[in-house]
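Trainee: Residue numbers (mature numbering (1 follows the signal peptide of the UniProt record, and there is no 0)): -18 to -1, 1 to 115.
C-beta: ideal position from N, C-alpha, C; glycine also.
Structure below; questions to follow.
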Amino acid sequence: MKHLLILFTGLFIMAAAAGCSDSDAETGDMNEMSAEELQAEVEEGMEEDKFYVDVREEEEFAESHIQGFENIPMNEVMEDASMLPEDQEIVILCNTQNRSIQVGESMIEQGFDADNLTIVMGGISSYEGEKVE
């Protein structure tokens, strides 16, 4: 009986530790980019071989956005991501990162390669570079 208690306690601790893992668990196989890395990329000149998409709602985008990002709201991408290029790296931005992760997961389900998807961690709310307002 004592051995079972120890076993279950160990399993519980392992399960709890797995639930507390870092953000890699959130993004799965998708790439991550910090808001600081994005800012450096924007300041140096956005890469032509990447597609930059802001998945916030049109109203949010109109209020403030990063020059060079195309606005395609989350629900549109999740419904049909075929308007996005499958042969380019796609940088996905939202307000924090939650919608970006959901969009990325949906794109993978629609046949996109996770290696071509990059989530901006912290989103535009963490971005301190120049914005169009």
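Helix or strand or just coil, what does DSSP make of T(-10)?
Mentor: Summary for T(-10): the model assigns pLDDT 47, below 50, so the residue's position carries little reliability; its value from the coordinates is reported in the next sentence. Helix at T(-10).
Trainee: What is the DSSP secondary structure of E110, reduced to helix, strand or coil?
Mentor: coil
Trainee: Do I101 and E14 come within 8 Å of each other at the CB atom, strictly closer than that value?
Mentor: yes
Trainee: If you run the structure through DSSP and keep just helix, strand and coil, what is N13?
Mentor: Correct three-state label for N13: strand.
Trainee: Which residue from G105, N80, Q92 and F51 puts its Cα closest to that of V59?
Mentor: That would be Q92, whose Cα lies nearest to the Cα of V59.
Trainee: Just the C-alpha distance for T43 and N53, rounded to the nearest angstrom, thanks.
Mentor: In the sequence on display, residue 43 carries Phe and not Thr. Those two C-alpha atoms are separated by around 7 Å.
Trainee: Distance check for M12 and A63, CA to CA, integer angstroms please.
Mentor: 16 Å
Trainee: Count the other CB atoms, across all protein chains shown, that sit within 10 Å of the CB of G104; report buried if there are 16 or more and exposed otherwise.
Mentor: buried
Trainee: If you count every other CB in all the chains shown that lies within 10 Å of the CB of V37, and 16 or more means buried, which is it?
Mentor: buried
Trainee: Any idea if G86 is buried or exposed, counting beta-carbon neighbours within 10 angstroms, 16 or more meaning buried?
Mentor: G86 is buried by the Cβ-count criterion.
Trainee: Can you list, in chain order, the residues of its chain with a C-beta nearer than 8 Å to that of E40? Leave out the 5 residues immediately preceding and following it.
Mentor: N53 and P55
Trainee: Nearest-angstrom Cα distance between K113 and V35?
Mentor: 15 Å
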